[in-house]
Ligand code: KG4
Ligand code: ZN
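Residue numbers (my numbering): 9 to 356.
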């Protein structure tokens with residue numbers, strides 16, 4: 009990625025965003041004046057649900073099938089054609105390399121053929137900003153805020169100073185929170201994705217098991233969920249596998265994850281004297297997490313924000329919006345850039 013002198017923001021009226029990092033094929037058009045004009049998501053969840061997780065080869069092939077119709081639909085709903093688009097942004101990583109490569113080569117080609125600026129976007133960074141994709145601007149946070157990104161591939165805490173300046177203060181040492189939901193669901197015999205399944209089961213159960221919460225004294229803003237996963241597995245070996253017991257384990261597991269996410273985010277806000285907390289990523293759709301974070305924030309005089317539900321899981325609206333913020337700050341991708349599977353130390 010190169011940094012060129014910041015441009016006149018008015019140069020970018022319509023940004024096309026493309027997202028294929030995992031099992032959602034998505035395209036969106038964002039306009040700084042009008043907001044999100046279209047956001048089309050084709051989810052492959054049903055294709056992968058029987059496997060307990062995403063099968064990379066299937067994901068890539070389905071992206072190949074869907075990427076063009078999904079993009080055409082996003083343009084059609086916007087009432088625009090490619091001639092109206094001023095820039096193209098695309099998820100570059102982290103994610104499944106084969107899946108990312110489909111969107112990346114597609115988006116890069118659209119940009120090259122139409123002589124448009126092209127910007128690769130870090131997927132985690134786009135989740136971090138997804139809270140701004142709201143119809144009601146009064147509900148948008150002010151900077152600085154503590155950002156907690158909780159997805160299937162990522163669990164980290166950030167201090168976010170503005171749209172492009174942020175610092176990571178903690179990350180998971182092993183599984184991401186969403187990954188823990190998916191793995192525990194598999195252990196409990198539930199389908200992929202595990203988050204929505206576990207929260208549904210948890211509603212019918214009671215949080216009666218005291219499962220471990222990894223506090224990690226030396227690095228208090230890091231996370232660890234692998235011990236919790238093992239504890240669920242050991243518990244299930246000891247217990248009868250009745251429906252009620254599965255409900256109770258689901259409720260106890262969800263509570264353990266939610267407790268630790270809330271505790272660390274609130275502690276970070278207190279330590280750095282920051283008065284706002286923002287959650288994002290697929291797990292931020294979890295109602296128990298939203299409720300508890302909201303309660304804890306109120307008790308501690310902190311403002312709490314979460315994205316609209318449609319922007320918690322993977323979508324291209326966040327890619328278009330993040331791409332726009334990078335472009336107006338002078339970032340642009342080179343034509344020979346590749347995708348990447350893991351997060352680098354910094355998003356850009
Ligand atoms: O952000 P996302 O769509 O993809 C990644 O970037 O990873 O997150 C997907 C993750 C999955 O692990 C899924 O189980 C989890 O988000 N998830 C949830 C809920 N909805 C989705 N986890 C807990 N509760 C939910 N309601
Ligand atoms: Zn994601």
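Idealized CB from N, CA, C, for every residue including glycine.
Considering just the uninterrupted stretch of the alpha helix (DSSP H) at residue 265, what are its terminal residues? Counted from its first residue, the chain shown places residue 265 at position 257. Unbroken alpha helix (DSSP H) run through residue 265: 251-279.
Beta bridge counterpart(s) of residue 130 as assigned by DSSP:
Residue numbering aside, residue 130 sits at position 122 when the chain shown is read from its first letter. Bridge partners of residue 130: 101.
Reference residue 324; option with closest CA among 133, 123, 19, 173: Residue 324 sits at position 316 when you count from the first residue of the chain shown. Taking only the C-alpha atoms, the option nearest residue 324 is 133.
Determine, using beta carbons only, whether residue 67 and residue 49 come nearer to each other than 8 Å.
Here residue 67 is taken as the residue at index 59 of the chain shown, counted from 1. Here residue 49 is taken as the residue at index 41 of the chain shown, counted from 1. Taking 8 Å as the Cβ cut-off, residue 67 and residue 49 do not qualify as a contacting pair.
Notebook entry, point to check: With a CB to CB cut of under 7 Å and the five nearest residues on each side skipped, what residues in its chain are close to residue 89?
Noted result: One-based indexing of the chain shown puts residue 89 at position 81. For residue 89, same chain residues with a beta-carbon under 7 Å away, outside a window of 5 residues either side, are 83 in chain order.
**Study point:** Coil, strand or helix - residue 345 by DSSP
**Key:** In the chain shown, the residue the question calls residue 345 occupies position 337. Here residue 345 sits in coil by DSSP.
Subject >> Beta-carbon proximity of residue 154 to residue 285, cut-off 8 Å >> reply: Within the chain shown, the letter at position 146 stands for residue 154. Within the chain shown, the letter at position 277 stands for residue 285. Yes, Cβ-Cβ distance for residue 154 and residue 285 is below 8 Å.
May I ask you to report which of helix, strand or coil DSSP gives residue 206?
The sequence position of residue 206 within the chain shown is 198, counting from 1. Here residue 206 carries a helix assignment [DSSP, helix/strand/coil].
- Who's in the neighbourhood of the ligand KG4, going by beta-carbon under 5 Å from any heavy atom, listed in chain order? By the rule of a C-beta closer than 5 Å to any heavy atom of the ligand KG4, the residues picked out are 159, 160, 161, 186, 189, 190, 201, 202, 203, 204, 207, 289, 290, 291, 293, 294, 321, 322.
Residue nearest to residue 142 in terms of C-alpha spacing, selected from 180, 320, 242, 334: For this step, residue 142 is matched to residue 134 along the chain shown. Nearest option by C-alpha distance: 320.
Any contact of the region 327-337 with the region 222-235, i.e. 3+ C-beta pairs under 8 Å? No: the two stretches stay apart, fewer than three of their Cβ pairs being nearer than 8 Å.
If you compare alpha carbons, which of 288, 342, 338, 303 is closest to residue 156?
The residue you call residue 156 lines up with position 148 of the chain shown. Residue 156 has its Cα closest to that of 288, out of 288, 342, 338, 303.
Nearest residue (CA-CA) to residue 109, options 344, 148, 216
To locate residue 109, count along the chain shown from 1; it is residue 101. Among 344, 148, 216, the Cα nearest to that of residue 109 is on 344.
**Member of 103, 121, 272, 200 whose CA lies at the smallest distance from the CA of residue 129** = Counting from one through the chain shown, the residue named residue 129 turns up at place 121. Looking at the Cα atoms, 103 is the closest of the given residues.
Local conformation of residue 33 per DSSP, three classes
Residue mapping note: residue 33 aligns to position 25 of the chain shown, counting from 1. In this structure, DSSP gives residue 33 an extended state, which the three-state scheme calls strand.
Is it right to say residue 162 is buried, meaning 16 or more other beta carbons lie within 10 angstroms of its own, or is it exposed? Here residue 162 is taken as the residue at index 154 of the chain shown, counted from 1. Buried: at least 16 other Cβ atoms inside 10 Å.
Legend entry - Contact set for residue 94: own chain, Cβ-Cβ below 6 Å, skip 5 residues either direction: In the chain shown, the residue the question calls residue 94 occupies position 86. Around residue 94: 20, 21, 22.
*State the DSSP-derived secondary structure class of residue 340, mapped to helix, strand or coil.*
Within the chain shown, numbered from 1, the residue matching residue 340 stands at position 332. Note: residue 340 maps to strand in three-state DSSP.
Subject >> Cutoff 6 Å; reference residue 355; Cβ partners in own chain excluding five residues on either side >> reply: Mapped onto the chain shown, residue 355 falls at position 347. Same-chain partners within the cutoff: 130, 133.
inquiry  = Under 8 Å, with one C-beta from each stretch per pair, do the region 290-306 and the region 258-275 reach the 3-pair mark?
reply    = yes
**Request:** Starting from residue 95, follow its DSSP beta bridges and name the residues at the other end.
**Result:** Here residue 95 is taken as the residue at index 87 of the chain shown, counted from 1. Looking at the DSSP assignment, residue 95 forms a beta bridge with 23.
Where are the alpha helix (DSSP H) runs, 4 residues long or more, that stay fully inside the region 302-338, in chain order?
-> 325-336
ask   = For residue 149, which residues from the same chain have a beta carbon less than 6 Å from its beta carbon, with the 5 sequence-adjacent residues on both sides left out?
value = Here residue 149 refers to the residue found at position 141 when the chain shown is read from its first residue. The residues are 284, 286, 313.
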